[in-house]
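Just so we're aligned: 336 in this note's numbering is position 135 of the sequence shown, and the numbers increase by one with no gaps anywhere. Scroll down for the structure; my scribbles are underneath it.
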Amino acid sequence: MTKKRIAVLVSGGGTNLQALIDAQGRGEIPSGEIVLVVSSEPDAYALTRAEKAGIPTMTIVRRGKKRETFTRLLCKALDDAHIDLVVFAGFMVILSPMFFEKFENRAINVHPALIPSFCGEGFYGLHVHEQALAYGVKLTGATVHFANAVTDGGPIILQKAVPIEENDTPETLQRRVMEQCEWQLLPRAVRLFCDGRLQVDGRIVRIKEEEA
Ligand code: GAR
Numbered sequence: 202m203t204k205k206r207i208a209v210l211v212s213g214g215g216t217n218l219q220a221l222i223d224a225q226g227r228g229e230i231p232s233g234e235i236v237l238v239v240s241s242e243p244d245a246y247a248l249t250r251a252e253k254a255g256i257p258t259m260t261i262v263r264r265g266k267k268r269e270t271f272t273r274l275l276c277k278a279l280d281d282a283h284i285d286l287v288v289f290a291g292f293m294v295i296l297s298p299m300f301f302e303k304f305e306n307r308a309i310n311v312h313p314a315l316i317p318s319f320c321g322e323g324f325y326g327l328h329v330h331e332q333a334l335a336y337g338v339k340l341t342g343a344t345v346h347f348a349n350a351v352t353d354g355g356p357i358i359l360q361k362a363v364p365i366e367e368n369d370t371p372e373t374l375q376r377r378v379m380e381q382c383e384w385q386l387l388p389r390a391v392r393l394f395c396d397g398r399l400q401v402d403g404r405i406v407r408i409k410e411e412e413a
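And the structure:
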């Protein structure tokens with residue numbers, strides 16, 4: 202079977218990208234290969250992580266461009282690289298509907314909360330954890346879902362919860378959610394996709410049994 206060609210989209214530190222690179226290195230994504238990393242920020246540390254792993258990189262700067270222009274340039278880059286799966290790993294850009302038509306059920310996002318809580322436009326990065334703490338929830342976590350034109354609104358693939366602890370700061374909570382949820386769920390979801398085990402039925406994602 203030919204491997205699925207994966208592009209990872211990033212904007213910042215890239216710890217989720219690193220989790221994917223490490224999983225790939227351990228042979229945990231046998232039916233896929235990360236062939237391209239695209240950053241919206243020229244100085245994102247995620248680009249250094251990709252270079253260290255020998256993965257081709259590209260930067261498409263978001264600032265100063267219309268949303269449609271950015272989306273068109275991104276789609277062209279993904280087409281040129283014959284991408285099967287797009288992974289949003291800390292990608293802080295909202296794309297035009299054109300992208301989601303093209304990559305329907307072929308784009309996966311990781312969000313640092315239990316969707317439908319603390320999600321949508323304006324909920325990104327550390328802000329998500331600030332909001333969870335301010336609201337006083339006792340549990341939070343992460344969600345990996347198919348991305349569609351509604352920000353954080355697509356069908357849910359995997360979720361995992363962690364408790365909020367008494368002296369948590371946004372930073373300590375972010376770390377727990379990353380370590381215990383995001384870095385585990387994202388590689389697992391990518392593997393399931395590449396193995397052809399995700400079946401989307403409306404909003405419901407079913408995980409097919411592994412073939413013996
Ligand atoms: C991660 O927590 C990711 O879930 C979140 O930003 C962080 C990026 O970290 N993404 C969003 O908030 C998107 N709505 P990373 O660059 O180290 O992977």
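Ideal Cβ placement from N, Cα and C applies to all residues, glycine included.
| Check | Outcome |
| --- | --- |
| Terminal residues of the alpha helix (DSSP H) in which Ile222 lies | Thr216 to Gly226 |
| Start-to-end residues for the beta strand (DSSP E) that takes in Met299 | First-last for Met299: Pro298 to Lys303, but that is the alpha helix (DSSP H), not the beta strand (DSSP E). |
| Same chain, Cβ closer than 7 angstroms to Arg404, neighbours up to 5 away in sequence not counted | Pro356 |
| CB-CB length for Cys276 against Lys303, believed under 8 angstroms | 6 angstroms |
| Sufficient close CB pairs (3 or more, under 8 angstroms) joining the stretch 254 to 266 to the stretch 300 to 317 | no |
| Distance between Gly323 and Phe292 (C-alpha atoms, nearest Å) | 13 angstroms |
| Asn430 Cβ short of 7 angstroms to the ligand GAR heavy atom set | Look at the range of the chain in this structure, 202 to 413, and you will see that residue 430 is not part of it. |
| Alpha-carbon spacing of Val236 relative to Arg273, whole angstroms | 20 angstroms |
| Nonlocal neighbours in the same chain, by C-beta distance under 6 angstroms from Met299, ignoring five residues either side | Thr272 |
| Three-state class that DSSP yields for Glu234 in the structure shown | strand |
| CB-CB length for Cys395 against Gly255, believed under 8 angstroms | Contact doesn't hold; Cβ gap of about 20 angstroms is too wide. |
| N- and C-terminal bounds of the alpha helix (DSSP H) containing Lys361 | Note, Lys361: premise wrong, no alpha helix (DSSP H); beta strand (DSSP E) at Ile357 to Pro364. |
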